[in-house]
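Chains as they are written, first to last, in our numbering: chain A, 1 to 282; chain B, 283 to 540.
Okay, so here's the structure we're looking at.
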Amino acid sequence: MTTSAFRRHLVSRVMTVLVVILSFTAVLALVLILGNLIAKGASSIDWAFFTKSPVPAGQTGGGVANAIVGTGIIVGVAALIGVPIGVGAGMYLAEYGSGRLGFLVRFTADVLNGTPSIVVGIVGWTFIVKPTSHFSALAGSVALAILMIPMLARTTEEMVRLVPNSLREAALALGYPRWRTSLKVVARTALGGIVTGCLVGIARIAGETAPLLFTALGNLNFTVNVSQPMQTLSLQIYVYATGPFDEWHRLAWASALVLMGLVLVISLTARWVTRQRYGRIR
Amino acid sequence: MVASANTRLRLETAHLTALFAQHRAVRDVSLLFPANTVTAIIGPSGCGKSTLLRCLNRMHELTPGASVAGEVLLDNVNIYAPDVNPVELRRRIGMVFQRPTPFPTMSIYENVAAGLKVNGRRPKPEVDNAVSRALQQAALWEEVKDRLHTSALDLSGGQQQRLCIARAVAPAPEILLLDEPTASLDPAGTQRIEELCHALKRLYTIVIVTHNMQQAARVSDYTAFMYLGSLIEVGRTDELFTKPKVEQTEAYITGRFG
């Protein structure tokens, strides 16, 4: 073996080892977080945890049913607001957004994407909480939707752009109007990717805390009224983890585990949907 | 001419020029496509033959920066006149592309019915009939009649291309444009498509773009030779290939350039 070949071989080996180590480090973070949560939270998860509301401070027992239902409602309403707007904007950007307005929308979405979530919370407070003069789940949903819209717009745009132009042309050549081509052929073909993008977006906002501090506020009682303050798992973790009681810390760990599990399930669903998509398009 | 009754005027270009921004891809082409014939457009890559074809159903103008000067007359009406709706025009002119383009989310049946539905709702038996008729015309019926509702992507490349032909003819267009329809097919698939051209010209006026001269000689009644965007020569296929009048045509068909 010549010296240069030996060197190349060596460099290749070193780099491979390096990349493997770095990959494991990335995975390690997730493993540590999950392991820690399971170790500290799993023991507190029982039937009461899912079915009971919190008990007054100092007492033991109780659960986070209010936070679990609250997360579902706030995130659900946020998705109802955010998905149509975000996906619609993404469709516009991909199919019609080549002009000046498209540039403007894309730029706005990028800036909004980088906006700190606590700023979005303050916006929600200024425009909804203050005028209505009370905190509400709806204000929280709007704040989360604002976070979600730019994410969905950009992922939808990317997914729609993946649809080969030949399909658009085939539809147009059949006498499809432009809007119908976008809807019946392009959007349908990209549907798997769009749904994946929505699920990833929902998983992202499900764990948000900062935008909810000024909007949904939190609520120790069980409620389904969106015009009232409402608890979410993230707010529950924030309050319990910073509180003085061991009982609260225990519930915070368990809540974190449940939230993490929820996000994981949504992400896995997203992966599953993507796999279906590739199975179909090839 | 084989049957003079069939050669009434259908489609014609008059001083047609097609541009991509400043570049003139098609230059002042005047060409007649007689009804119920197959006209082949041949020429080396980049000679503007596909662009010319795309001017005939106003697909060319969909490319950003593209424009058209001159006229395309369909039954003596300029299809570039302001009162002509390009979307409705395209329903009268079917088109098949170089690579098969079945809609991936639709079944075989839905693919063929796609062009019918855009013309407004029709009763299901009527759609069923049109779908099976189109698949028969495209010589695909026997192969797919038992799996009409399975994914169009499960078909082979040649079958997919015949499916695209079925989709194009299902709405009963008057003209069929084929843009190198066999470019991605194997010899067997190519032969089937060529046989189809012979069968389908009884129903439609066919314009086929091909870089394969043998194919042009096999399927067409008339052949137009283009070079650098200009129409060099057009004539009956047997005459053009045996007694070309222009030096450039002879050079091309004898393989001396292109």
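For every residue, glycine included, the Cβ atom is placed at its ideal position computed from N, Cα and C.
{"query": "A:Ser255 (DSSP reduced to helix, strand or coil)", "result": "helix"}
{"query": "contact_flag[the segment 450-467 of chain B, the segment 334-345 of chain B] where n(CB pairs < 8 Å) is 3 or more", "result": "yes"}
{"query": "C-alpha distance - B:Glu370 paired with B:Ala396, whole-angstrom precision", "result": "15 Å"}
{"query": "Closer than 7 Å to chain A by CB, B:Arg403", "result": "no"}
{"query": "Reduced DSSP secondary structure (H/G/I, E/B, other) of B:Glu529", "result": "helix"}
{"query": "First and last residue of the uninterrupted alpha helix (DSSP H) at A:Gly70", "result": "Ala65 to Glu95"}
{"query": "Euclidean distance between Cα positions of B:Ser349 and A:Val87", "result": "32 Å"}
{"query": "Positions along the segment 172-186 of chain A whose CB lies within less than 9 Å of some CB in chain B", "result": "Leu172, Ala173, Leu174, Gly175, Tyr176, Pro177, Arg178, Arg180, Lys184 and Val185"}
{"query": "Contact set for B:Thr472: own chain, Cβ-Cβ below 6 Å, skip 5 residues either direction", "result": "Thr464"}
{"query": "Member of A:Arg13, A:Pro211 and A:Leu233 whose CA lies at the smallest distance from the CA of A:Leu147", "result": "A:Pro211"}
{"query": "Residues of its chain near A:Gly70, where Cβ-Cβ distance is below 6 Å and the 5 sequence neighbours each way are ignored", "result": "Met230, Gln231 and Thr232"}
{"query": "Helix, strand or coil at A:Ser227 [DSSP, three-state]", "result": "coil"}
{"query": "Cβ pair B:His305, B:Gly352 closer than 7 Å", "result": "no"}
{"query": "Neighbour-count burial assignment, B:Val501, 16 or more Cβ in a 10 Å radius", "result": "buried"}
{"query": "Given 8 Å, three or more beta-carbon pairs between the segment 262-273 of chain A and the segment 320-330 of chain B", "result": "no"}
{"query": "Cβ of B:Val451 within 7 Å of any chain A Cβ", "result": "no"}
{"query": "Proximity test, Cβ basis, 7 Å: B:Gly325 and chain A", "result": "no"}
{"query": "Residues of its chain near B:Asp310, where Cβ-Cβ distance is below 6 Å and the 5 sequence neighbours each way are ignored", "result": "His297 and Thr299"}
{"query": "Per-residue burial, A:Gly218 [other beta carbons within 10 Å of its own, 16 or more giving buried]", "result": "buried"}
{"query": "Endpoints, the beta strand (DSSP E) within which B:Pro316 is located", "result": "His305 to Pro316"}
{"query": "Spatial distance of A:Arg161 from A:Glu247 (CA atoms)", "result": "51 Å"}
{"query": "Validate contact between the segment 48-67 of chain A and the segment 194-208 of chain A using beta carbons, cut 8 Å, 3 pairs", "result": "no"}
{"query": "Contact set for A:Val239: own chain, Cβ-Cβ below 7 Å, skip 5 residues either direction", "result": "Gly218"}
{"query": "Close Cβ partners of A:Val273 (< 8 Å) along its chain, the five nearest in sequence each way excluded", "result": "Gly192, Val195, Thr196 and Leu199"}
{"query": "Cβ pair count under 8 Å reaching 3, the segment 173-180 of chain A against the segment 56-67 of chain A", "result": "no"}
{"query": "Any chain A beta carbon closer than 7 Å to B:Gly330", "result": "no"}
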